[in-house]
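Quick notes on the structure that follows.
Numbering (my numbering), first residue to last: 1141 to 1482.
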């Protein structure tokens, strides 16, 4: 059986990544693409690397028909998704890649995103989309909220350790490097080549990054008490990829054993042999996440390094993985492409 899908916000990076992945999917067909600022254009005009595909023209959301559409992927900006998704017909299932439904408490959404939630009743039905940890809930959900790419990276490194109580929950530091595509495709002065290249800089320093809302929500729920991590992201002059270096108080052998066991049966999460650590080059353009564990020179301290592609495993690949579960398809369909190297 072939399922018809539509992508809202297809003219952005996550939209293009979804098209790339779905083009190799045996059970999905793209029947609708929206991109309000690019309406009327072909995807070949917007993204020439996709010109070999037979795709519908971009339209506005208002002009798109959802008759016969089974699944909608929403790659719209934060705050826009809430209002659009609330108006979608009841028969479609939805994977949202914005932040609009990630935080279960609407007061937390207002705290981190600076405005009241526009669809609080719909928020109550949303399932958090970190696939490996919410698999059963995702299968039956109508609306799945994709995670933040930074939030996903940190959680893959830490969730099994928090649930197994093998690290000190009051001493967790996440030092994260993120490529520029995570900031989206819109024009921004600080992302110009002359501003960004040949350098790297920290941002949202001191605990202001919005993905901290997800860390607080998820880690505290696992631990059964408040858990707050120190988190500093840095912007890299690279196109795609995230590398998170996580510092914890805990035995390295125990940390490595816990992560290895937790992910032993997961296709996309790979724990490296102890002492090895990953590079964003090793997961580029793939749905894989590599995790390395190294003992620090200070006894009782451990360094965990996690790498994933922010556009794939951190967003569009995760979205497709969740959609596969929602539609009862093979979870890995369209996602087994090998990383691109060099």
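Ideal placement from N, C-alpha and C gives every residue a C-beta, glycine not left out.
query, result
"Residues bridged to residue 1409 [DSSP beta-bridge criterion]", "1429"
"Member of 1389, 1342, 1370, 1451 whose CA lies at the smallest distance from the CA of residue 1160", "1451"
"C-beta atoms of residue 1293 and residue 1155 nearer than 8 Å", "no"
"Beta-carbon proximity check, residue 1349 vs residue 1377, cutoff 8 Å", "no"
"Residue 1299: first and last residue of the uninterrupted alpha helix (DSSP H) it sits in", "1289-1303"
"Whole-number beta carbon distance between residue 1213 and residue 1147, since they are thought to touch under 8 Å", "5 Å"
"Expected contact under 8 Å - CB spacing of residue 1296 and residue 1409 to nearest Å", "6 Å"
"Residue-level contact to chain D via CB, residue 1305, 8 Å cutoff", "The chain inventory of the structure shown lacks chain D, comprising one protein chain alone."
"Beta-carbon proximity of residue 1444 to residue 1386, cut-off 8 Å", "yes"
"Delimiting residues of the beta strand (DSSP E) encompassing residue 1372", "1370-1375"
"Collapsed DSSP secondary structure at residue 1146 in the structure displayed", "strand"
"Beta-carbon contacts of residue 1223 that lie in its chain and below 6 Å, excluding the five residues immediately before and after", "1258"
"Residue 1234: first and last residue of the uninterrupted beta strand (DSSP E) it sits in", "1233-1236"
"Touch test, the region 1237-1256 against the region 1165-1182, Cβ-Cβ under 8 Å, three pairs minimum", "no"
"Alpha-carbon to alpha-carbon, residue 1158 and residue 1184", "15 Å"
"Expected contact under 8 Å - CB spacing of residue 1186 and residue 1198 to nearest Å", "7 Å"
"Alpha-carbon spacing of residue 1228 relative to residue 1202, whole angstroms", "11 Å"
"Option in 1413, 1345, 1439 with minimal Cα separation from residue 1431", "1413"
"N-terminal and C-terminal residue of the alpha helix (DSSP H) that residue 1481 is part of", "No alpha helix (DSSP H) holds residue 1481; DSSP gives it neither H nor E."
"Proximity to residue 1357 [Cα-Cα], best of 1337, 1162, 1268", "1268"
"Bridge-paired residues (DSSP) for residue 1199", "1174"
"Cutoff 8 Å; reference residue 1226; Cβ partners in own chain excluding five residues on either side", "1258, 1259, 1262"
"Buried or exposed by the 16-neighbour rule on C-beta atoms within 10 Å, applied to residue 1481", "exposed"
"Span of the alpha helix (DSSP H), counted from its first residue to its last, around residue 1220", "1220-1226"
"Burial state of residue 1442 (16 or more Cβ within 10 Å)", "buried"
"Distance between beta carbons of residue 1369 and residue 1314, contact taken as under 8 Å", "6 Å"
"For residue 1317, the first and last residue of its enclosing beta strand (DSSP E)", "1312-1318"
"Which listed residue (1399, 1273, 1476, 1474) has its alpha carbon closest to that of residue 1307", "1399"
"Pair within 8 Å by beta-carbon distance, residue 1237 and residue 1467", "no"
"Rounded C-alpha distance that separates residue 1472 from residue 1405", "13 Å"
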